[in-house]
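For reference, the structure is listed below as structure tokens.
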Amino acid sequence: MVVVLFCVITLTFLLVRLAPGGPFTRERNIPPAILKEIMASYNLDGTLWEQYTTYLGVRKNNQGQYSGLLQGNLQISTKYRDRSVAEMLAPSLPISATLGFAAFLLATTGGVWLGSLAAVRHHTPTDTGAMLGALFLISIPNFVVGPVLILLFSIKLRILPVGGWQSWSSLVLPAVTLAGPYIAYVARLMRTSMLEVLNQDFVRTARAKGVSETRVIYQHALKVAILPVVSFLGPLAANLLTGSLVVETIFNIPGAGSFFVNAILNSDVFLLEGVVIVYCALLVLLNLLVDIAYTWLDRRIKLDS
Amino acid sequence: MPDVPPPPGACARLKKNPVAVVAILLLAFIVLVAILGPFLYRVDPHATSREQYLPPSVRHFFGTDNNGRDAFARVLEGARISLLVGFSGALISLFVGTGYGLVSGYSGGRLDGMMMRLVEILYAIPRLIILILFTFIFDQHFKTWLSNLTWKLAFGKTVLLSGPDLVGYSKIIILVVTLGLIEWLTMARIVRGQVLSLKSLQFVTAARALGQSHTRIILRHLLPNIAGIIIIYLTLTIPAVILDESFLSFLGLGVQAPQASWGSLLSDGAQVINPVKSYWWLLLFPALVMSVTLLALNFLGDALRDALDPRSRR
Chain A
80 MVVVLFCVIT
90 LTFLLVRLAP
100 GGPFTRERNI
110 PPAILKEIMA
120 SYNLDGTLWE
130 QYTTYLGVRK
140 NNQGQYSGLL
150 QGNLQISTKY
160 RDRSVAEMLA
170 PSLPISATLG
180 FAAFLLATTG
190 GVWLGSLAAV
200 RHHTPTDTGA
210 MLGALFLISI
220 PNFVVGPVLI
230 LLFSIKLRIL
240 PVGGWQSWSS
250 LVLPAVTLAG
260 PYIAYVARLM
270 RTSMLEVLNQ
280 DFVRTARAKG
290 VSETRVIYQH
300 ALKVAILPVV
310 SFLGPLAANL
320 LTGSLVVETI
330 FNIPGAGSFF
340 VNAILNSDVF
350 LLEGVVIVYC
360 ALLVLLNLLV
370 DIAYTWLDRR
380 IKLDS
Chain B
253 MPDVPPPPGA
263 CARLKKNPVA
273 VVAILLLAFI
283 VLVAILGPFL
293 YRVDPHATSR
303 EQYLPPSVRH
313 FFGTDNNGRD
323 AFARVLEGAR
333 ISLLVGFSGA
343 LISLFVGTGY
353 GLVSGYSGGR
363 LDGMMMRLVE
373 ILYAIPRLII
383 LILFTFIFDQ
393 HFKTWLSNLT
403 WKLAFGKTVL
413 LSGPDLVGYS
423 KIIILVVTLG
433 LIEWLTMARI
443 VRGQVLSLKS
453 LQFVTAARAL
463 GQSHTRIILR
473 HLLPNIAGII
483 IIYLTLTIPA
493 VILDESFLSF
503 LGLGVQAPQA
513 SWGSLLSDGA
523 QVINPVKSYW
533 WLLLFPALVM
543 SVTLLALNFL
553 GDALRDALDP
563 RSRR
């Protein structure tokens with residue numbers, strides 16, 4: 080896990096530094112002497128290796144301190160000069176996290192429910208309808224779904240806000256838009272695995288000994304059938320995170336996504352590195368949790384059988 | 253790669269599936285219109301006029317946009333770019349994914365474990381974010397490289413294509429390559445799984461006993477057997493790549509104006525939807541065309557899976 084994070088940090092650092100032109104070359108011409116001073120104050124002078132080690136915090140910076148990632152310092156934005164990256168991300172990350180979490184819950188619970196339903200009612204209109212709907216959800220991009228939902232629920236029906244981030248009701252449309260395709264993915268995964276599990280011996284045994292159909296499905300079969308979904312949770316989190324960039328744009332949500340796009344367009348090196356590193360760190364953490372959950376679930380099944 | 257026909261009966265099975273037939277016809281129609289469009293509908297997609305925001309009419313099928321450009325011509329141009337990106341990106345991912353999966357599955361053991369671990373890691377990091385970075389940075393280097401290029405594609409004395417001509421397309425080229433390079437993970441996993449189960453079968457042992465080289469076993473014995481599955485996932489990768497491209501363009505990081513792709517058209521369309529006045533046709537038509545294409549591709553992929561992979565039929 081630490082290795083992955085380290086690779087991501089190094090890769091991001093290298094990619095950002097490879098960009099032609101420094102963060103200060105776009106604005107009006109700065110005299111070379113002053114530019115040199117500015118670069119020095121941001122620790123952007125020196126060789127690539129020197130910059131890298133300073134950024135990591137294993138080398139003293141020009142101010143004579145160790146102050147890098149190891150010390151928890153994400154440096155200062157080069158575009159918005161007097162704000163630190165941490166300061167900029169702090170208010171926006173919880174917003175992105177709330178949206179992401181809501182979508183995550185919606186995608187998993189909705190998907191698992193829909194998929195199991197389709198599997199249990201195999202070869203009925205419910206099954207066909209659910210899978211058809213899933214295919215539609217996967218195929219229609221969320222930047223089409225978003226504006227259409229706004230048009231319908233906010234402009235025509237006027238029951239939900241158009242965008243922004245004021246109350247809980249402004250969470251509904253973005254979360255649905257973000258979760259939509261993944262409800263479908265999870266449902267398809269769940270259906271396939273549930274169909275497989277329902278044919279297995281232990282399900283027949285459970286039915287034979289008179290366990291009610293609801294309990295067979297929701298207590299015996301679901302526990303096993305949910306495993307592919309659990310292993311999809313890691314990629315799901317990564318996809319939701321990328322998806323949130325677009326959804327935040329559509330609904331004008333002041334989350335961390337907008338910083339990413341702006342930082343790229345402004346060559347704001349530290350902000351860019353900060354956003355990517357924080358995102359990846361979150362994902363690595365989430366993946367660890369998913370791995371733990373998986374082994375835990377898996378062991379219980381081994382013990383049961 | 254040897255061109256291998258799907259197992260007998262697959263085509264017949266596909267033809268019996270009405271959804272698949274409709275999907276194929278729709279796709280053929282869209283591709284045809286995208287290619288022939290500019291010859292039949294001679295309106296410059298970049299020509300601006302004073303006729304802003306005209307609703308759809310006989311003169312402008314899909315209306316006009318904020319610069320008075322004909323939206324139908326724009327959607328056609330977008331279709332060409334999006335489809336091109338989708339098809340070529342998927343092809344690149346096909347080669348990378350199949351190669352990776354074949355090597356990983358065939359070699360087995362520790363190398364296989366390491367390669368699959370890498371795939372798992374790549375699955376879990378936001379690849380698109382890293383690749384947005386990548387495209388943005390390399391686009392500028394690539395442009396400089398292209399404009400200094402002396403290479404020419406000439407026919408007699410008329411120069412058809414030269415390096416500097418391609419500068420305008422550099423972003424698209426970079427997009428295609430990078431998108432191809434991120435969408436190969438699923439393909440690699442599936443190919444590996446297939447190879448793993450195939451290589452323990454007797455015909456592989458027989459081939460090895462005959463002293464055939466690893467390359468020959470992989471190319472002549474294993475590859476034909478997994479061609480069906482590769483075709484299925486190729487069909488499913490195309491919509492994924494189109495979606496990724498439109499995602500980038502929607503954020504303003506994909507194709508550059510005045511060129512259009514479905515994503516950038518949708519981005520423009522979404523901006524003019526507001527409570528005061530909504531120019532719905534700028535959102536509706538690109539959305540409709542794009543969704544229908546993606547739906548058709550996904551339906552076709554599913555139908556192909558049913559037809560080519562009997563095990564997945566339940």
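Protein sequences appear in the order of chains A and B. Just so it is clear: in the first sequence, position 198 is 277 by our numbering, and no numbers are missing. Just so it is clear: in the second sequence, position 216 is 468 by our numbering, and no numbers are missing. Glycine included, C-beta positions come from ideal geometry on N, C-alpha and C.
Compare the C-beta of residue i with all C-beta atoms of chain A and state if any pair is closer than 8 Å.
i	result
Ile490(B)	no
Arg565(B)	Bear in mind that the predicted position of Arg565(B) carries a pLDDT of just 46, short of 50, making it too unreliable to give a figure here.
Phe537(B)	no
Leu547(B)	yes
Met542(B)	yes
Phe314(B)	no
Phe499(B)	yes
Ser345(B)	no
Ile203(B)	Here chain B comprises residues numbered 253 to 566, so residue 203(B) is not present and cannot be evaluated.
Ser530(B)	yes
Tyr352(B)	no
Leu518(B)	yes
Leu495(B)	yes
What does residue i reach in chain B if we use C-beta pairs closer than 7 Å?
i	result
Ile217(A)	Asn550
Ala181(A)	The premise fails here: Ala181(A) is roughly 19 Å from chain B at the closest Cβ pair, so nothing lies under 7 Å.
Gly313(A)	Tyr375 and Ala376
Leu324(A)	Leu503
Is residue i close to chain B? Criterion is C-beta to C-beta, closer than 8 Å.
i	result
Val276(A)	no
Tyr159(A)	no
Asn122(A)	no
Phe222(A)	yes
Pro170(A)	no
Asn366(A)	yes
Gly334(A)	no
Leu382(A)	For Leu382(A), the pLDDT reaches just 49, beneath the cut-off of 50, and the residue's location in the model is therefore unreliable, leaving the point undetermined.
Thr187(A)	no
Thr284(A)	no
Thr321(A)	yes
Val255(A)	no
Ile113(A)	no
Suppose the cutoff is 7 Å on Cβ atoms and the five residues either side in sequence are ignored; what does the same chain contact list for residue i look like?
i	result
Leu127(A)	Arg96
Ala459(B)	Ile469 and His473
Leu335(B)	Val283 and Ala286
Val251(A)	Leu239
Val271(B)	Phe551 and Ala555
Ala335(A)	Leu168, Ser171, Leu172, Ser175 and Val354
Trp244(A)	Ile174, Ile332 and Pro333
Interface residues of chain B around residue i at Cβ under 8 Å?
i	result
Thr374(A)	Residues of chain B passing the Cβ test: none, with the nearest at roughly 15 Å.
Thr328(A)	Phe502 and Leu503
Ala317(A)	Tyr375, Ala376, Ile377, Pro378 and Arg379
Leu214(A)	Leu547, Asn550, Phe551 and Asp554
Val340(A)	Leu503, Gly504 and Leu505
So which residues on chain A does residue i lean against when the C-beta distance must stay under 9 Å?
i	result
Ile382(B)	Val87, Leu90, Thr91, Leu94, Val355 and Cys359
Within a Cβ cutoff of 6 Å, which residues of the same chain sit near residue i, ignoring the five residues on either side of it in sequence?
i	result
Gly432(B)	Gly341, Ile344 and Ser345
Val87(A)	Cys359
Ser163(A)	Ile155
Met542(B)	Trp514
Asn141(A)	Ala119 and Asn122
Phe388(A)	A question about residue 388(A) goes unanswered here, because the residues of chain A that appear run from 80 up to 384.
For a contact defined as C-beta to C-beta under 8 Å, what are the partners of residue i on chain A?
i	result
Leu385(B)	Thr91, Leu94, Val95, Ile343, Leu351 and Val355
Ala522(B)	Phe222, Gly225, Pro226 and Ile329
Can you tell me whether residue i sits near the ligand ATP, meaning its C-beta is under 7 Å from at least one heavy atom of the ligand?
i	result
Ser399(B)	Because no ligand of any kind appears in the structure shown, any question about the ligand ATP cannot be addressed here.
Can you list, in chain order, the residues of its chain whose CB lies under 8 Å from that of residue i, leaving out five sequence neighbours each side?
i	result
Leu535(B)	Leu518, Gly521, Ala522, Val524 and Ile525
Lys267(B)	Val273
Inset, instruction - Kindly provide the ranges of any alpha helix (DSSP H) runs that are 4 or more residues long and lie completely inside the segment 314-388 of chain B, ordered along the chain. - result: 323-359 and 361-376
Inset, instruction - Could you pull out every unbroken alpha helix (DSSP H) segment of at least 4 residues lying fully inside the segment 458-511 of chain B, listed in chain order? - result: 475-502
Inset, instruction - Check whether the segment 328-343 of chain A touches the segment 195-212 of chain A, counting contact only when three or more Cβ pairs, one atom from each stretch, lie closer than 8 Å. - result: no
Inset, instruction - Evaluate the contact criterion for the segment 362-369 of chain A versus the segment 374-394 of chain B: three or more CB pairs, one atom per stretch, below 8 Å. - result: yes
Inset, instruction - Spell out a yes or no on whether the segment 304-316 of chain A and the segment 485-499 of chain B are touching, meaning 3 or more CB-CB pairs, one atom from each, closer than 8 Å. - result: no
Inset, instruction - Take every Cβ of the segment 254-270 of chain A, pair it with every Cβ of the segment 346-360 of chain A, and state whether three or more of those distances are shorter than 8 Å. - result: no
Inset, instruction - Note down, one range per segment and in chain order, each beta strand (DSSP E) of at least 3 residues found wholly within the segment 161-247 of chain A. - result: none
Inset, instruction - For the segment 263-283 of chain A and the segment 181-195 of chain A, state whether three or more C-beta atom pairs, one from each stretch, are separated by less than 8 Å. - result: yes
Legend entry - Touching by the beta-carbon criterion (3+ pairs, under 8 Å), the segment 319-338 of chain B and the segment 500-516 of chain B: yes
Inset, instruction - Would you be able to state if there are at least three C-beta pairs under 8 Å between the segment 315-327 of chain B and the segment 291-300 of chain B? - result: yes
Inset, instruction - Check whether the segment 358-373 of chain B touches the segment 433-450 of chain B, taking contact to mean three or more Cβ pairs, one atom from each stretch, closer than 8 Å. - result: yes
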